[in-house]
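Engineer:
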Amino acid sequence: MSGLFRRVTGCSARDALVLWAQIGVLMAIWWGVSAVSVRIGWPANLVGIVLMLALFASGVVRPDWIRRGADWLLAEMLLFFVPVVVSVVQYPDLLLHSGLKLVVVVVGGTVLVLAATSLAVDRMYRLEIRLARRRHQRAGRMHHVGA
């Protein structure tokens, strides 16, 4: 049976089970964050980012535990936008009167998110390099002291 599953899906049954378990964990986190955000009045995406950062930083959740599920969700993200596009197309008056404004907001927001992400990644990369240099220098000093 496992051989048939692998031929049909391209992955083992165990890999598929791990993928779906990780997606289930991400969905449970999403559900919990949505419930909390409604009660505290903060945007769910902000609460989710803070929660995931805290879970990663504390070691409660390791990125490897959800990587496959997150990769799959990101790869299939376009599918999640189809219902939104279909809904918008049902309101041609909205597009005629506010279409340009919507495009400016979407494009501008995307550019701002990309710029902010780029800056954050660049800063974290530089921080990691500095920390690695410090560790290397400390290791070199300890090696010389012990010699």
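In short: position in the sequence shown from 1, add 17, done, that's the working numbering.
Ideal placement from N, C-alpha and C gives every residue a C-beta, glycine not left out.
1. Terminal residues of the continuous alpha helix (DSSP H) containing Trp59?
2. Helix, strand or coil: which one does DSSP assign to Arg155?
3. Could you tell me whether the Cβ atoms of Val42 and Ile83 are closer together than 8 Å?
4. Determine the DSSP secondary structure at Met18, reduced to helix, strand or coil.
5. Using CA atoms only, rank isn't needed, just tell me which of Ala132, Thr134, Ser29, Val105 is closest to Val120.
6. Taking the continuous alpha helix (DSSP H) assigned at Arg84, which residues delimit it?
Structural biologist: Quick answer:
1. Taking the sequence shown and counting its residues from 1, one reaches residue 59 at position 42. No alpha helix (DSSP H) contains Trp59, which DSSP labels as neither H nor E.
2. Here the question's residue 155 lines up with position 138 in the sequence shown. Three-state result, Arg155: helix.
3. On the sequence shown, position 25 is the one that residue 42 refers to. On the sequence shown, position 66 is the one that residue 83 refers to. Yes, they are a contact pair.
4. Along the sequence shown, one-based indexing puts residue 18 at 1. Any reading at Met18 must be qualified, since the residue scores a pLDDT of 49, below 50, and its modelled position is unreliable; no value is offered.
5. To locate residue 120, count along the sequence shown from 1; it is residue 103. Among Ala132, Thr134, Ser29, Val105, the Cα nearest to that of Val120 belongs to Val105.
6. The residue given as residue 84 occupies position 67 in the sequence shown. Run containing Arg84: 84 to 92, per the alpha helix (DSSP H) assignment.
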